[in-house]
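J.: I am attaching a structure below and will ask some questions about it afterwards.
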Amino acid sequence: MRPHRSLSGLLVGLVGMTPAGIVLAAASPAAAADPASALGNVVINEVSSNGFAGGDFIELHNQGSTTVDLTGYHLKDNKTLAEDDIVLDGKLPPGGYAVHYVDGGPGAAPKPFGLGGADEATLLSPDGATVIDTYAWATHVTPSFARVPDGTGTFAVTTAPTPGGPNALATTAEAQVTLNEVFTDGAGTSAEGLHDYVEIHNGSTGPADLTGWYVTDGPGTPTAADRVTLGGPTATVPAGGYLAVETELMDTEIPSGFTYLPVSNGTKSGFGLNKTDWVFLHKPDGTLVSTTFKGTLPDEHANTWSRVHPGTGLWRNGADQTPGAVNTFPGGEVPVLDTPVVLNEVSNTSGQVELLNTGAESVDISGWTLLDSTAAVVHTVPAATTIAPGALHVATGITGLDSADSLTIRRASDLASVVAFTWFEDGIASYSRCELFGTVSYVETPAATFGAANTCPSLDTQPWPGASTVATVDEVNGFGDQDGNGEGDVSGAAFDPSDPSILWVVQNKNTLHKMHAVAGTYVAVDGWEGGKKLLFASGAGKVDSEGVTVGTDGSVHVTSERDNDNSGVSSNKIERYDVSGVTAATTSLTAVDEWDVNDFVTTGANLGLEGITYVPDSFLVDAGWEVGGAPYSAATHPTPGLFVTAVEGTGNLHFFSLAAGAAPVEVKVEDSGFPFSMDVTYDADRDRLWALCDDSCGGVHNVLDVVDGDFVVEASYARPAGMPNLNNEGMAIAPASTCADGVQQVVWTDDGDTDGFSLRAGNLPCPEAVASTALPRITGTAKVGFALKASIGSWSATPATATFQWLANGTPITGATLPTLKIGPSLVGKRLSVRVVVAAEGRLDGTATSTSTAAVTRGLIRAGNPRIVGTPKAGRTLTARAAAAAPAAAVSYQWYANGKALRGRTTRALRLTGAMLGQRIAVRVTYRKAGYATVIRTSTRVRVRR
């Protein structure tokens with residue numbers, strides 16, 4: 001018996017040459033930031049993300065005057081190099097073009113990637129940090145974006161893509177006629193009878209008639225006297241074909257229809273090529289189509305100057321002359337195989353190999369061969385063999401594969417090949433291609449499954465943190481079989497944050513249900529029996545409702561990955577429904593807002609949007625989330641939070657700002673940690689995101705937290721042990737306000753309606769609340785006009801935020817929510833306290849209230865004595881001037897004569913009469929203010945004179 005080994009010991013990475021229009025080298029990147037001085041010379045010249053039949057591509061152009069060695073440089077989209085990366089190997093001559101079909105065609109990365117509707121193409125230096133050139137776009141266009149003029153112009157939408165040629169060319173086919181190989185010394189190093197030649201490649205999908213086209217050479221510019229003009233039957237090059245044009249021939253060797261300059265000297269015609277020559281390919285009207293420049297080499301005759309991928313690749317020194325055939329390179333290198341056909345399973349012990357077509361189109365693999373590590377052919381695919389998308393081809397009866405060996409896939413037409421996998425001992429039963437946490441690896445599998453889906457190991461998880469048991473919580477067949485597929489098709493669920501007794505549930509057959517629990521079973525709320533049909537904003541169609549969440553205004557948001565009336569077409573949208581006025585008579589709901597996000601989510605028709613959740617800005621800001629390397633700013637978007645969607649086909653989480661009546665704004669894309677994700681939910685009690693993968697991953701849940709500005713997987717939890725591996729496409733976590741007996745409910749939605757049930761419930765332990773270890777304290781004097789200040793006290797966990805509420809005799813004071821309180825008149829006689837609520841990461845909020853102050857006393861008015869202004873003579877008028885009060889207060893006056901109040905004399909002015917002669921006059925000023933003690937001040941007396 002073989003000894004048991006851990007899974008990590010069984011994981012063997014995919015070994016092979018990278019499919020690229022550029023062969024990927026193993027050499028270390030250069031240490032300098034831009035060792036080849038590409039900056040300012042090499043630019044992104046054209047991109048196509050959705051509108052070219054040949055696939056998504058990025059075109060590079062050298063607008064400089066010298067050849068640039070791009071070996072070690074990186075080409076990528078808007079993701080990190082760890083996700084999407086083409087490492088370049090080869091040179092780009094001045095005026096030259098190189099094309100990289102990033103989604104699986106020529107020049108793709110080991111893991112092909114597509115270009116999205118809102119994406120970018122970026123050329124980076126070998127250090128991965130220095131941007132040589134970049135271009136970003138906000139939406140798909142048809143057919144491409146291109147610089148006009150080449151190299152220096154601004155990007156504009158083209159009428160025809162021109163990958164591989166100048167953007168000014170009229171047709172795609174012209175641009176795909178390119179120079180492919182140059183040989184400069186037919187005298188001593190070539191095969192017998194072979195002269196200097198220039199090879200042309202037709203990369204278009206149809207034959208190219210090159211009659212009248214011509215080849216010239218020259219030291220930087222064409223030499224008018226040197227020309228080979230094409231014609232005759234040889235000038236028509238088939239699709240994917242080659243034409244080798246020998247530039248100097250004996251007169252008897254000139255092909256029919258060709259014309260050579262210089263004209264015959266009596267023996268031969270044409271011109272030779274040397275190491276300082278540029279080579280040019282022109283249309284009949286003189287338009288330059290393609291150019292290349294080998295440059296001065298120590299021995300220019302030792303190699304050919306060859307593209308590493310036919311027609312589109314960068315250039316390198318070839319190993320030998322290959323006119324009319326695929327180029328070869330030193331070390332026996334051959335073109336790298338670009339194909340969606342991959343090795344899916346292999347067993348050297350049983351002599352079987354399984355190939356899988358991962359692409360969207362059928363692939364003819366007739367005559368393809370499988371080679372072992374010695375390059376011996378161990379299997380040849382029979383004629384007329386085609387693999388349909390997603391289909392398998394199983395080769396049996398294979399001999400020659402050893403315990404330590406490798407398997408290479410080689411295409412018959414051009415011998416392009418890729419080392420698919422290398423192993424170092426017998427597999428337990430077989431080696432299988434498995435996707436684990438988004439990475440493709442070949443692992444030993446205990447059971448061979450040739451002709452069927454691989455048996456891949458489960459993901460590395462922790463046990464479910466709640467109870468191991470689950471219970472069905474819906475009525476048997478409660479959702480019905482709306483499309484006759486034998487399943488309930490329940491895909492998403494969400495608790496209503498404003499009323500957590502309500503559970504919103506969607507079926508992906510355009511039906512929304514409003515439910516509540518009755519005796520432990522979720523049933524329809526009155527008036528919602530059977531659910532409500534969901535329509536697009538147009539009032540038509542069948543929403544493929546996959547995920548559901550509730551917005552801040554109480555409206556329900558639903559994701560849809562297609563219109564079920566046109567189910568073969570991907571159409572990712574987010575719909576908003578107003579459910580406030582729904583009655584029993586309501587049969588359908590039309591979206592009041594609709595956001596088309598299809599340009600941001602590039603997937604197959606049934607691999608798009610799944611789950612959705614709403615995340616408040618406060619969480620993102622407090623967590624330190626970053627966008628574009630800078631802290632997320634809530635003020636950037638008009639919405640108080642973002643909607644996060646889970647994408648089935650990629651496992652990505654897309655963050656959108658969805659303003660009513662406005663276009664969707666994709667703020668950021670994060671990785672769920674899964675190769676595909678079916679739901680995402682915001683856990684406000686733990687300040688985390690939960691991502692769910694269905695039975696494809698064994699029902700694993702990833703918990704994500706923000707680290708260094710990005711969401712990363714903090715923990716992975718298996719499904720509860722008592723729950724089978726169901727097709728759970730949705731989950732909902734009840735808020736902690738519903739906690740009972742220390743747990744909160746979790747509900748899963750089973751799209752497969754196993755045993756007639758679609759809803760199952762388990763639980764999670766409720767998070768602990770932050771505990772107060774020292775009450776908040778109030779400092780200051782409890783008197784009107786004074787200010788009090790509160791501290792937050794001490795807590796069992798470091799508070800992330802704290803909120804304050806001042807209380808008067810235990811009742812909240814309206815608007816008093818700051819750490820300080822200015823005491824107003826209405827608080828006289830009341831005892832004040834402050835209630836503090838703190839939030840801490842991963843905890844429930846904690847609350848503590850301070851001890852109360854003494855009863856608030858009245859404030860003091862500060863004022864000086866009044867003065868009497870005027871001449872104290874009979875017939876004159878005296879005026880009282882009251883001193884300014886702090887705080888400002890109402891003032892009243894009373895005049896006195898010889899200490900007795902003068903009746904009715906209560907204004908600022910007093911007219912003196914003859915009866916007052918000899919009397920001593922004074923004025924008393926009274927200051928009054930609500931909440932303050934009354935203050936009286938009296939002036940100095942004056943004597944009335946004649």
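Start counting the sequence shown at 1; every next residue gets the next number (the UniProt record's numbering).
For every residue, glycine included, the Cβ atom is placed at its ideal position computed from N, Cα and C.
From V289 to P166, what does the alpha carbon distance come to, in whole angstroms?
T.: About 7 Å.
J.: To test your reading of the DSSP string, which unbroken beta strand (DSSP E) runs of 3 or more residues are found completely within the segment 816 to 898?
T.: Within the segment 816 to 898, the complete beta strand (DSSP E) runs of at least 3 residues are 820 to 822, 832 to 839, 846 to 849, 867 to 869, 877 to 881 and 890 to 897.
J.: Check whether the Cβ atoms of D845 and V834 lie closer than 7 Å to each other.
T.: Contact: no.
J.: Would a check of beta-carbon distances place D85 closer than 7 Å to chain C?
T.: Here there is only one protein chain, and chain C is not present.
J.: When you compare the CB positions of V177 and V198, do they come within less than 7 Å of one another, or not?
T.: The answer is no: Cβ separation not under 7 Å.
J.: Taking only runs of the alpha helix (DSSP H) that begin and end inside the segment 635 to 689, which ones reach a length of at least 4 residues, in chain order?
T.: Qualifying alpha helix (DSSP H) stretches: none in this window.
J.: Do T857 and K783 have their C-beta atoms within less than 7 Å of each other?
T.: Cβ distance < 7 Å, so T857 and K783 count as in contact.
J.: Three-state secondary structure (DSSP) at G629?
T.: Reduced to three states, the DSSP call for G629 is coil.
J.: With a threshold of 8 Å, are at least 3 pairs of Cβ atoms found where one atom belongs to the segment 885 to 893 and the other to the segment 797 to 816?
T.: The segment 885 to 893, when compared against the segment 797 to 816, does not touch it at the 8 Å Cβ threshold.
J.: Compute the beta-carbon to beta-carbon distance between I861 and K929, rounded to the nearest angstrom, for a pair I have assumed lies under 8 Å.
T.: About 6 Å separates the two Cβ atoms, so the contact holds.
J.: Kindly identify the DSSP beta-bridge partner or partners of R719.
T.: Paired residue(s): none; R719 is not in a bridge.
J.: Would you call R316 buried or exposed, if buried means 16 or more other Cβ atoms sit within 10 Å of its Cβ?
T.: Answer is buried; the Cβ neighbour count reaches 16.
J.: Give the secondary structure of R943 by DSSP, where H, G and I count as helix, E and B as strand, and everything else as coil.
T.: R943 falls in the strand class under three-state DSSP.
J.: Give me, in chain order, the residues of the same chain whose beta-carbon lies closer than 6 Å to that of T827; leave out the 5 immediate sequence neighbours on both sides.
T.: Checking the displayed sequence, the identity of residue 827 turns out to be Leu instead of Thr. Within the same chain, L827 has close Cβ partners A808 and V856.
J.: Along the alpha helix (DSSP H) that carries A764, what are the first and last residues, could you check?
T.: Position check: residue 764 holds Leu in this sequence, whereas Ala was assumed. That residue, L764, is in no alpha helix (DSSP H); its beta strand (DSSP E) goes L759 to P765.
J.: If you draw a straight line from the C-alpha of K542 to the C-alpha of M731, how long is it?
T.: Each residue's alpha carbon lies about 23 Å from the other.
J.: Does DSSP put residue 965 in a helix, in a strand, or in coil?
T.: Outside the shown range of the chain, which is 1 to 946, sits residue 965, and nothing can be said about it.
J.: Quick one: Cα of E670 to Cα of H654, how far?
T.: If I take the Cα positions, the gap works out to 6 Å.
J.: Three or more C-beta pairs under 8 Å: does that hold for the segment 607 to 614 against the segment 642 to 653?
T.: Segments in contact, yes.
J.: When you compare the segment 547 to 560 with the segment 488 to 499, are there three or more beta-carbon pairs, one atom per stretch, that lie closer than 8 Å?
T.: Yes: at least three Cβ pairs fall under 8 Å.
J.: What are the start and end residues of the alpha helix (DSSP H) that includes T172?
T.: Per DSSP, T172 belongs to the alpha helix (DSSP H) from T172 to A175.
J.: Would you report the Cα separation of V712 and D705, rounded to the nearest angstrom?
T.: Taking the straight line joining both Cα atoms gives about 6 Å.
J.: List, from N- to C-terminal side, the beta strand (DSSP E) runs of 3 residues or more that fit wholly inside the segment 147 to 232.
T.: Qualifying beta strand (DSSP E) stretches, in chain order: 154 to 157, 177 to 183, 197 to 202, 214 to 218 and 227 to 229.
J.: Could you tell me which residues DSSP pairs with D338 in its beta bridges?
T.: Its beta-bridge partners do not exist; DSSP assigns none.
J.: Can you grab the Cα-Cα spacing for the pair D694 / T312, in whole Å?
T.: Rounded to whole angstroms, D694 to T312 spans 41 Å at the Cα level.
J.: So who's on the other strand from L92, going by DSSP bridges?
T.: Beta-bridge pairing links L92 to V68.
J.: Assuming contact is defined by CB atoms lying nearer than 7 Å, are T304 and F183 in contact in what I supplied?
T.: Yes, Cβ-Cβ distance for T304 and F183 is below 7 Å.
J.: Quick one: what does DSSP say L81 is sitting in, helix, strand or coil?
T.: Reduced to three states, the DSSP call for L81 is coil.
J.: Can K509 and D489 be called in contact, C-beta distance under 7 Å?
T.: In this structure, D489 lies closer than 7 Å to K509 by Cβ.
J.: Quick check on the burial criterion: 16 or more other C-beta atoms within 10 angstroms. Buried or exposed for T851?
T.: So T851 ends up on the exposed side.
J.: Going by the C-beta, is Y632 closer than 6 Å to any heavy atom of the ligand NAP?
T.: The ligand NAP is absent from the structure shown, which contains no ligand whatsoever.
J.: Could you tell me the alpha carbon to alpha carbon distance between F757 and H516, rounded to whole angstroms?
T.: Each residue's Cα considered, the two are about 16 Å apart.
J.: The alpha helix (DSSP H) with L401 in it runs from where to where?
T.: First-last for L401: undefined, no H or E at that position.
J.: Go to F258, then tell me how far its alpha helix (DSSP H) extends in each direction, as first and last residue.
T.: F258 -> no alpha helix (DSSP H), and no H or E assigned at all.
J.: Name the residue from K573, L230, V746 and N45 whose alpha carbon lies nearest to the alpha carbon of D150.
T.: Answer by Cα proximity: N45.
J.: DSSP three-state label for N327, please.
T.: Coil.
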